[in-house]
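Each residue of the sequence shown is one higher than the one before, counting from 201 in the numbering used here.
For reference, the structure is listed below as structure tokens.
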Amino acid sequence: MSETLRVYHNARCSKSRSACQLLEERGLGFEVVEYLKTPPSRDELAAVLAKLGMKAEDIVRKGEDVYKAEFKGRTLSDAEWLDALVAHPVLIERPIVVRGERAVIGRPPEKVLELL
201 MSETLRVYHN ARCSKSRSAC QLLEERGLGF EVVEYLKTPP SRDELAAVLA KLGMKAEDIV
261 RKGEDVYKAE FKGRTLSDAE WLDALVAHPV LIERPIVVRG ERAVIGRPPE KVLELL
């Protein structure tokens, strides 16, 4: 495979672990980005969103405490949501798997197979 797979991963998330396991079972090498330890930059996240074909709000985890405390009920622009995701990476849906110019959110984990 010529294009590297990159997984934006949270080891505490069962869906994220399952997506990685699916890739491992197929013998595919991939780069793991533990985005809570090494958050993506604003530009990197914007590029991932473009590959997903989504707006920043589309990948916000609305069940997180920080969302409920700071963002619930608010109307934000796409740029403001992007800033919120950079400031609070726990809000980023996971896993996100990127290959070349395409990306998917691995929910369910089998969605990652669309990139193969």
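Cβ atoms here follow ideal geometry from the backbone N, Cα and C, with glycine treated the same way.
Check	Outcome
Three CB pairs or more closer than 8 Å across the segment 221-231 and the segment 260-275	no
Spatial distance of ALA287 from ARG307 (CA atoms)	23 Å
Beta-carbon separation (whole angstroms), LEU205 vs GLU231, contact threshold 8 Å	7 Å
Backbone secondary structure at LEU223 - three-state DSSP	helix
LEU205 - DSSP class collapsed to helix/strand/coil	strand
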